[in-house]
Each structure stands twice: as C-alpha cells, then as structure tokens.
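Trainee: Under our numbering, the first residue of the sequence shown carries the number 111, and numbering increases by one thereafter. Before anything else, here's the structure in question.
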Amino acid sequence: MEKKKKVIAITGGIGSGKSYVAQLLAKRGITVYDCDAAAKRLMQQDAVLQEGLKKLIGADVYQGNQLQKSVVTKFLLASEEHQQAIQQLVHPAVATDFLHSPYNWIESAILFEAHFDQLIHPDIIISIIAPLQTRVQRVMQRDQLTEAQAMDWINKQWPQEELVKRSTFTINNDDDTNLDQQIDCIFNQIDYHI
C-alpha cells in the first residue's frame, strides 16, 4: 500500500504574503506548490478543463488556445455562484496534479472557502495574515486594481480570524514582525524534512 505523503498547506487571503513566505521557504530548499500558478497552467494545457470552461463561461474564454484572463476575472466577480462553478471545475484538477507531484508544501488562498482542504487533506495548515490596509495596498500595486476592486477580492474571501481558527500555525506578515524567526519557530515544532 502506498504511503500518503505529508501535506503542509499555506493559506491566507489575497495580499497577505503567501508567495513571499513561499520564497523564504525556497531559500531553505523547500519548494511550495503554487495552486494559482498550477490552475493557470492547467487551464492552458488540460483539454478537459478547457472544454469545461468553454461550456461554463463561453467560447470567448479562449482566443485560439490562449486563456483570456479578463473574461475569467469578469465571470468570477459576477457572482458567488460563478466562483463556485469555476472552483468545481478547476480545484479537482489542481488537487490531482498536486497529489501526484513530488511536493509536500502547497499554497492555496482559498483552502477552506472552496473546501480544497477536503481534496488534499493537509496534515499541517499555516495561515499567513496581514493588516487589511497592507493587503489592499499590495493587491492594488501588484494587480493594478483600484481600492474598490482590491476590497471586492478581499471581501470574497474568508476573514483572517476564521483562517487562524482552523490553522495549526499562524505567520503574521505585518512588515514589523520578522518572518524568518516565525518560520524558524514553526520548523522547530514540525518535522519539515519529509
């Protein structure tokens, strides 16, 4: 019988700094599977997923074989039902891809909201949190969004307090707290050599 791999999930709302923490982990030799990047890759490469998206959103979601991100974003922001419909298509494909990958660490912004945790069954969950205004500024700068658009994305996700309640560990990315020290503290409490 094949042994289940140990899964360590990193989560946090948009703009909390999950990707930055993943970069710090990479400096320690730990590669973190990026769910967003994997979803984009699979939407570009997986024929079954592409057909599902065309049926759900419409043929204009692809120009040739190129995913039209603006069409997807508009669809996602239109309603919660649209978000759930896309998640039901994309998340199983991402979960399967991750579980068949060599990685143990995974980054997912909507681990709980989309019930992605039920697909990957993490052993340890680490939440990354940051002050709201910091998150808004990061999202506006990174994604070239207005403050209202950034808040719209943030408000579609769970409150940080809920993530913390469901997590094994929390990293506070408030620009004042040393992230390396927090990571060291977590490493001292878990067996990260897996």
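Idealized CB from N, CA, C, for every residue including glycine. Predicted model, so just to flag it, every value in this text is computed and none were measured.
1) Return the first residue and the last residue of the alpha helix (DSSP H) that V131 is part of.
2) Closer than 7 angstroms by C-beta to H231: which residues in its own chain qualify, once you throw out the five before and the five after it? Chain order, please.
3) Nearest-angstrom Cα distance between F208 and L152?
4) Looking only at its chain, what residues have a beta carbon closer than 6 angstroms to the beta carbon of V204, apart from the 5 residues adjacent to it on each side?
5) Rounded to the nearest angstrom, what separates D170 and I293 at their Cα positions?
6) Could you tell me which residues DSSP pairs with T280 in its beta bridges?
7) With DSSP as the reference, identify every bridge partner of I296, one or two as the case may be.
8) In its own chain, which residues sit with a C-beta less than 7 angstroms from the C-beta of G162, not counting the 5 before and 5 after it?
9) So which of I124, L135 and N298 has the shortest CA-CA distance to Y213?
10) I need the DSSP call for E223, collapsed to helix, strand or coil.
11) Under the rule that 16 or more other beta-carbon atoms within 10 Å means buried, what is D227, buried or exposed?
12) For the putative contact between I124 and W263, defined by C-beta atoms under 8 angstroms, what is the C-beta separation to the nearest angstrom?
13) Might you give, ordered along the chain, the residues of its own chain that have their beta carbon closer than 8 angstroms to the beta carbon of R252, omitting 5 neighbours on each side?
14) Is M250 near the ligand SAH, judged by its Cβ being under 7 angstroms from some heavy atom?
15) What's the gap between the Cα of Q291 and the Cα of A119?
16) So, with DSSP's three-state summary, where would you put W215?
17) Can you give me the Cβ contacts of Q267 inside the same chain, cut-off strictly under 8 angstroms, excluding the 5 residues immediately before and after it?
18) Tell me which same chain residues have a C-beta within less than 7 angstroms of the C-beta of Q194, skipping the five on either side of it?
19) Where does Q198 fall in DSSP's three states?
20) Work out the CA separation of K137 and E191 for me, nearest whole Å.
Mentor: To lay it out plainly:
1) Counting from 1 along the sequence shown, the entry for residue 131 is found at position 21. Taken as a continuous stretch (DSSP letters only), the alpha helix (DSSP H) holding V131 covers K128 to K137.
2) For the purposes of this step, residue 231 is identified with residue 121 of the sequence shown, where counting begins at 1. Taken in chain order, the residues that qualify are V117.
3) Here the question's residue 208 lines up with position 98 in the sequence shown. Here the question's residue 152 lines up with position 42 in the sequence shown. Going from the Cα of F208 to the Cα of L152 covers about 11 angstroms.
4) Within the sequence shown, numbered from 1, the residue matching residue 204 stands at position 94. Taken in chain order, the residues that qualify are C145, A148 and A149.
5) On the sequence shown, residue 170 is found 60 positions in, with the first residue counted as 1. On the sequence shown, residue 293 is found 183 positions in, with the first residue counted as 1. Roughly 43 angstroms between the two C-alpha positions.
6) The count along the sequence shown starts at 1 and reaches residue 280 at position 170. DSSP, once it has assigned bridges, lists S237 as partnering T280.
7) Within the sequence shown, numbered from 1, the residue matching residue 296 stands at position 186. DSSP output for I296 lists no bridge partner at all.
8) Working through the sequence shown from its first residue, we reach residue 162 at position 52. Hits under 7 angstroms: L199.
9) Taking the first residue of the sequence shown as position 1, residue 213 is located at position 103. Y213 has its Cα closest to that of L135, out of I124, L135 and N298.
10) Within the sequence shown, residue 223 is the residue found at index 113, counting from 1. DSSP places E223 in coil when its eight states are reduced to three.
11) Numbered from 1 along the sequence shown, position 117 holds the residue referred to as residue 227. Buried is the call here.
12) Mapped onto the sequence shown, residue 124 falls at position 14. Mapped onto the sequence shown, residue 263 falls at position 153. About 5 angstroms separates the two Cβ atoms, so the contact holds.
13) Reading the sequence shown from its first residue, position 142 is the one you call residue 252. Correct list, in chain order: G125.
14) The ligand SAH is not part of this structure, which contains no ligands at all.
15) Along the sequence shown, read from residue 1 onward, the residue named residue 291 stands at position 181. Along the sequence shown, read from residue 1 onward, the residue named residue 119 stands at position 9. The straight-line gap from Cα to Cα measures roughly 19 angstroms.
16) Locating residue 215 in the sequence shown gives position 105, counting from the first residue. Three-state DSSP puts W215 in a strand.
17) Within the sequence shown, residue 267 is the residue found at index 157, counting from 1. Same-chain partners within the cutoff: G123, I124, A219, I220 and E223.
18) If you number the sequence shown from 1, residue 194 lands on position 84. Closer than 7 angstroms at the Cβ level, and outside the excluded window around Q194, lies no residue.
19) Within the sequence shown, numbered from 1, the residue matching residue 198 stands at position 88. Three-state result, Q198: helix.
20) Position 81 of the sequence shown, counted from the first residue, corresponds to residue 191. Position 27 of the sequence shown, counted from the first residue, corresponds to residue 137. Their Cα atoms are separated by approximately 39 angstroms.
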